[in-house]
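Asks:
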Amino acid sequence: MRRAANGRNQAANGIIVESIFTRHVPEFSKRLNELVAQIPEEYFEATQSIISNAKMHLGKQLDENIYLSLTDHIHFTIERARRGVQIRNRLLIETKMLYQEEFAVALEAIDYLMKRFDVKLPEDEAAFIALRFVNAETETSMDETIEITRMVQEVVSLIRHYFHIEIDPASLDYYRLMIHLKLFATRVITNPDTPDSLQDPQLFELVKHQYGAAFACVEQIVGFIEATYRYKISENEQLYLTIHIQRVYGPHLHE
Numbered sequence: 001m002r003r004a005a006n007g008r009n010q011a012a013n014g015i016i017v018e019s020i021f022t023r024h025v026p027e028f029s030k031r032l033n034e035l036v037a038q039i040p041e042e043y044f045e046a047t048q049s050i051i052s053n054a055k056m057h058l059g060k061q062l063d064e065n066i067y068l069s070l071t072d073h074i075h076f077t078i079e080r081a082r083r084g085v086q087i088r089n090r091l092l093i094e095t096k097m098l099y100q101e102e103f104a105v106a107l108e109a110i111d112y113l114m115k116r117f118d119v120k121l122p123e124d125e126a127a128f129i130a131l132r133f134v135n136a137e138t139e140t141s142m143d144e145t146i147e148i149t150r151m152v153q154e155v156v157s158l159i160r161h162y163f164h165i166e167i168d169p170a171s172l173d174y175y176r177l178m179i180h181l182k183l184f185a186t187r188v189i190t191n192p193d194t195p196d197s198l199q200d201p202q203l204f205e206l207v208k209h210q211y212g213a214a215f216a217c218v219e220q221i222v223g224f225i226e227a228t229y230r231y232k233i234s235e236n237e238q239l240y241l242t243i244h245i246q247r248v249y250g251p252h253l254h255e
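Numbering follows full-length UniProt numbering, with no gaps: position 189 of the sequence shown is 189.
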């Protein structure tokens, strides 16, 4: 009797989940069937609410695959939280800076999940969900999204260690630097063979000499990127990196 009841519950669960998800997922795939068998209906409903809220606040279309991947992630997160296991997100700071809108929506999602499932979730979990939103907005894969964010983290760490100066992360120039690094990292990861010729050789030489400390830092970044990612940073890119770093750190170098 119990087995029969479980079978009926699973079938009913499958019908409810299918009604929510099949309008988003073209085919009721094997993956969805597997999730339905393993994950209670309430997690699918929670995912639906979170994604609807994300679409409304972000004003963007999200790839349909997020319905499955986010349900799986949320289920794993809640079960882990109930066991008292927390995972630190080493990309938390960078995610908050680079994807502010997605992170804000992810914080709302975390608050919703804590109330619905009566668990405590750290801010780190919002960063995990925010990256899933970002991945669903773009043509990059989740691995590429994480790699882009990690590269930004590595370059920012290198810059901080070079100058040994603490900068207010809320400053406009710091935000501009982070956005530029995100675009730069995206080019490195997703389109490494794009040619990029120097547009203004005279300006490059002027900036290189006038902002010597910032350019010396960029030279270290060049060496790191070439050694780690096998990517040669063009002089054009070096020019822009130098200007952005100078804006952030230049005013503090002689204090």
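No residue lacks a Cβ here, since even glycine has one placed at the ideal position from N, Cα and C. What you are looking at is a predicted structure, and each value in this text was computed from that prediction instead of being measured.
Threshold first: 4 residues or longer. Then list the alpha helix (DSSP H) segments lying entirely within the segment 33-81, N to C.
Replies: The qualifying runs are 41-58.
Asks: Using the Cβ count rule (16 or more neighbours within 10 Å means buried), how would you classify A109?
Replies: Burial call: buried.
Asks: Tell me the DSSP secondary structure of L121 in three-state form.
Replies: Correct three-state label for L121: coil.
Asks: Taking F103 as the reference, which of R83, N53 and E147 has the closest Cα?
Replies: The shortest C-alpha separation from F103 is found at N53.
Asks: Taking all protein chains shown into account, do 16 or more other C-beta atoms lie within 10 angstroms of the C-beta of V85, making it buried, or fewer, making it exposed?
Replies: That one is exposed.
Asks: Determine the contact status of K120 and A81, defining contact as a CB-CB distance below 9 Å.
Replies: Contact: yes.
Asks: In whole angstroms, what is the alpha-carbon distance linking L172 and V155?
Replies: When rounded, the distance between both Cα atoms is 18 Å.
Asks: Beta-carbon within less than 7 Å of E147's beta-carbon, same chain only, minus the 5 sequence neighbours each way: which residues are those?
Replies: Excluding positions up to five away in sequence, the list reads I189.
Asks: Helix, strand or coil: how does DSSP classify D200 here?
Replies: Here D200 sits in coil by DSSP.
Asks: For N65 versus A136, is the C-beta spacing smaller than 9 Å?
Replies: Yes; because the gap between Cβ atoms is below 9 Å, this pair is in contact.
Asks: Nearest to H244 by alpha carbon, out of T140, K208 and K96?
Replies: Considering only alpha carbons, the answer is K208.
Asks: Are there 16 or more other CB atoms within 10 angstroms of the CB of L98, so buried, or fewer, so exposed?
Replies: By the 10 Å Cβ count, L98 comes out buried.
Asks: Report the residue from E219, T149 and E125 whose alpha carbon sits nearest the alpha carbon of H159.
Replies: First, the amino acid is wrong: residue 159 is Ile here, not His. Considering only alpha carbons, the answer is E219.
Asks: Would DSSP call Y229 helix, strand or coil?
Replies: Helix at Y229.
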